Amino acid sequence: NAGVTQTPKFQVLKTGQSMTLQCAQDMNHEYMSWYRQDPGMGLRLIHYSVGAGITDQGEVPNGYNVSRSTTEDFPLRLLSAAPSQTSVYFCASSYRRLAGAVNEQFFGPGTRLTVL
Amino acid sequence: AQSVTQLDSHVSVSEGTPVLLRCNYSSSYSPSLFWYVQHPNKGLQLLLKYTSAATLVKGINGFEAEFKKSETSFHLTKPSAHMSDAAEYFCVVSEARSSYKLIFGSGTRLLVRP
Numbered sequence: 001n002a003g004v005t006q007t008p009k010f011q012v013l014k015t016g017q018s019m020t021l022q023c024a025q026d027m028n029h030e031y032m033s034w035y036r037q038d039p040g041m042g043l044r045l046i047h048y049s050v051g052a053g054i055t056d057q058g059e060v061p062n063g064y065n066v067s068r069s070t071t072e073d074f075p076l077r078l079l080s081a082a083p084s085q086t087s088v089y090f091c092a093s094s095y096r097r098l099a100g101a102v103n104e105q106f107f108g109p110g111t112r113l114t115v116l
Numbered sequence: 001a002q003s004v005t006q007l008d009s010h011v012s013v014s015e016g017t018p019v020l021l022r023c024n025y026s027s028s029y030s031p032s033l034f035w036y037v038q039h040p041n042k043g044l045q046l047l048l049k050y051t052s053a054a055t056l057v058k059g060i061n062g063f064e065a066e067f068k069k070s071e072t073s074f075h076l077t078k079p080s081a082h083m084s085d086a087a088e089y090f091c092v093v094s095e096a097r098s099s100y101k102l103i104f105g106s107g108t109r110l111l112v113r114p
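For the record, the sequence lines run as chains A and B. Numbering follows our numbering, with no gaps: position 89 of the first sequence is 89. Numbering follows our numbering, with no gaps: position 35 of the second sequence is 35.
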C-alpha cells in the first residue's frame with residue numbers, strides 16, 4: 001500500500017492564481033481531511049469528509065473548496081490564492097469511527113505552498 | 001470546547017537522559033488523546049494513543065504517556081533520549097463523540113545534544 005499520497009510536494013503561486021492540491025489513499029478509508037500547518041500553531045483542520053459525496057468545514061475553511069467524488073481521492077482547491085495561504089498542507093485519512101473505538105489518522109507527506 | 005496546551009515550545013536534553021514533554025488538555029467529554037511525531041520535512045507519525053483503557057500508554061520507540069484525569073494532563077516520557085528522537089512532537093485531543101476532528105497543540109521541538 002502506498003498509504004496517503006499528496007501531489008505536488010512543492011508549489012509556488014502568484015496572488016490570485018488557482019490550483020488544486022491532490023490527495024489520494026489506497027486503504028479504503030471512509031474519513032479524509034485537510035490540515036494546514038503554520039509555525040507555532042500546530043495543525044488546523046480546513047475541511048473533512050466522512051465518505052464519498054459528504055464534506056464539511058473545519059476550523060479554517062475560508063478560501064478553500066473540497067469535493068469527494070470517490071473514496072480514494074479528496075482534492076483541495078484554492079480558487080484565488082492569497083499570501084495568507086502560504087503554509088504546509090497535510091492530508092489525512094482513517095477508517096470510519098465505530099462506537100467506542102478510536103481510529104488512527106494516517107497523514108500524507110505534505111505539500112509546501114508559497115503564495116507570492 | 002476542547003483544547004490542548006503544550007507547555008514547552010522547545011525542550012533540549014542530552015543523549016541518554018530522560019525526556020519529558022508536557023501536555024494539558026481541556027475537554028467537555030471523555031477525551032481521546034494522541035501524541036504524533038514529525039521529523040524534519042516529513043509527515044506525522046502516531047506515537048501512541050489513549051482511549052480510556054489503561055491510563056499508562058506505551059508507544060513506539062520507547063515512548064510512553066500517562067493520562068491523569070485529575071490533572072488534565074497527558075505528558076510524554078522516554079527514559080533515555082536518542083539522537084534520532086530529535087523532532088517536533090504534537091499532543092492531540094479528539095472528542096470521543098466527534099473523533100474525526102483532531103485538535104492539535106502548538107508543538108514541542110525536541111533537541112537532543114550529543
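No residue lacks a Cβ here, since even glycine has one placed at the ideal position from N, Cα and C. All of these numbers come straight from a predicted model, not from anything done at the bench.
Residue from the options with nearest C-alpha to residue i
i: His47/A; options: Pro39/A, Arg112/A, Phe74/A and Asn28/A; result: Phe74/A
i: Val4/A; options: Thr20/A, Gln11/A, Trp34/A and Ser18/A; result: Trp34/A
i: Gln118/A; options: Leu45/A, Gly40/A and Gln11/A; result: Residue 118/A lies beyond the residue range present for chain A, which begins at 1 and ends at 116; the question has no answer from this structure.
i: Tyr50/B; options: Val112/B, Lys42/B and Glu66/B; result: Glu66/B
Reduced DSSP secondary structure (H/G/I, E/B, other) of residue i
i: Gly105/B; result: coil
i: Pro109/A; result: coil
i: Ser67/A; result: coil
i: Gly58/A; result: coil
i: Ser94/A; result: strand
i: Pro31/B; result: strand
i: Gly51/A; result: strand
i: Asn24/B; result: strand
Straight-line gap, residue i to residue j (C-alpha atoms, nearest Å)
i: Leu116/A; j: Tyr29/B; result: 42 Å
i: Leu76/A; j: Thr17/B; result: 43 Å
i: Thr55/A; j: Ala92/A; result: 14 Å
i: Arg112/A; j: Met41/A; result: 16 Å
i: Thr70/A; j: Gly53/A; result: 8 Å
i: Ala81/A; j: Gly107/B; result: 27 Å
Cβ neighbours of residue i in the same chain (closer than 8 Å, five flanking residues each side left out)
i: Ser92/B; result: One detail in the question is off: residue 92/B reads as Val in this sequence, not Ser. Val4, Leu33, Phe34, Trp35, Tyr36, Leu102, Ile103, Phe104 and Gly105, listed in sequence order.
i: Pro61/A; result: Ile46 and His47
i: Pro83/A; result: Thr15, Val115 and Leu116
Same chain, Cβ closer than 7 Å to residue i, five either side skipped, listed in chain order
i: Leu46/B; result: Phe34 and Tyr36
i: Ser26/B; result: Gln2, Ser3 and Thr72
6 Å Cβ shell around residue i - same chain, five flanking residues per side excluded
i: Val66/A; result: His47, Thr55 and Leu76
i: Gln17/A; result: Ala81
i: Phe10/A; result: Arg112
If you measure beta-carbon to beta-carbon, which residues of the region 36 to 59 of chain B are closer than 7 Å to chain A? Lys42, Gly43, Leu44, Leu46, Lys49 and Thr51
Next item on the list: Give, in chain order, every residue of the region 99 to 110 of chain B whose Cβ lies closer than 7 Å to some Cβ of chain A.
Entry: Ser99, Tyr100, Lys101, Leu102, Phe104, Gly105, Ser106 and Gly107
Output, in sequence order along the chain, the residues in the region 71 to 93 of chain B whose CB is closer than 7 Å to any CB in chain A. Phe90
Beta carbons nearer than 9 Å to chain B: which residues of the region 70 to 90 of chain A have them? Phe90
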